[in-house]
Every structure is written in C-alpha cells, then in structure tokens.
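Notes follow the structure.
In our numbering, the protein residues as written are 2 to 147.
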C-alpha cells in the first residue's frame, strides 16, 4: 500500500486505524503471478506488462457499473455476477508485482481511501483465481475469468 494513502487517511480520519493489509513480498508476488499465468492460460507469461494487457483485453464490461459511484461495492458487483468471493482479496496495483492482501469488507468500506481513481487502475481477485475484477481509473469495471 502506498505510504501516501496511509498518511492521507490519518489526516482525514484521525483516530481511526487504516485498514489492515499485507503487502506481498517480491517472491510471493512472483509465485502468484505464475499461478495467474497458469490459471488464466496467459500467452504473455513472464512479461508482467503484457500479462496485465492480455488480462485486460479478456475482460467483459460490467454494464451500468461505475466504480466512481458512491454506492459502488466490489462485493455487490461480484455477487451480481454469480461469484462468491473469499473474505480476503488481493489488490494488484501495477504489473502483478505490487500486490496487497486485505479483507474484502475493508476494501468495500474504504475504497475511496484506498483507490485514487484519477491515477490508478487496479485488479481485485481472491485465492481461487477463478475471477478478476479490473477497475479502470475512469471507473469502468470489467470481469475477467479464466
């Protein structure tokens, strides 16, 4: 998680702790990236940028869903797609090399503090690796399945 987000949160929400998260080590991120390559049968294995682009190209738009809307909830979007997500999810911030793990509840409740829409795209997925929700900086949401 970017340190600036934690600092900004502390300023705007004094006395309320930032949601608990775990930043994956480079080794764990690499292992997870390899699992994603295998599970999603990516042709771009090994090149993180090409992997992210390939995943993005496979995504199906969630019509009528915009992550910038105040009422947007990742969990609600997943349930509407017939997905029962785990309690904890991974958030990919870049090229599957900067990944955090946190509770889906915290991500839903604090998305506006965690995701900076104008400058960030993010991907959310869980241990099942049977789905990935891609959220673009403009608010567009795509569902990706293997």
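In this text, a Cβ means the ideal position worked out from N, Cα and C, and glycines have one as well.
Computed from a prediction, not measured in an experiment: that's the story for all the values here.
Determine the burial state of residue 86: buried for a count of at least 16 other Cβ atoms within 10 Å of its Cβ, exposed for fewer. Residue 86 counts as buried, since at least 16 other C-beta atoms from the protein chains shown sit within 10 angstroms of its C-beta.
Do residue 108 and residue 92 have their C-beta atoms within less than 9 Å of each other? yes
How would you write the range of the alpha helix (DSSP H) that residue 113 sits in, first residue to last? 112 to 115
Residues that residue 102 bridges to, as DSSP identifies them: 23 and 91
Would you mind stating whether residue 89 and residue 112 have Cβ atoms separated by less than 9 Å? Cβ atoms of residue 89 and residue 112: not closer than 9 Å.
Can you tell which of 136, 130 and 144 has its C-alpha closest to the C-alpha of residue 37? 130
Taking the alpha carbon of residue 22 as the point to measure from, which residue in 106, 55 and 42 has its own alpha carbon closest? 106
Are the beta-carbon atoms of residue 165 and residue 124 separated by less than 9 Å? Examination of residue 165 is not possible in this model, given that the chain is present from 2 through 147 alone.
Look up residue 76 in the DSSP assignment and say whether it is helix, strand or coil. helix
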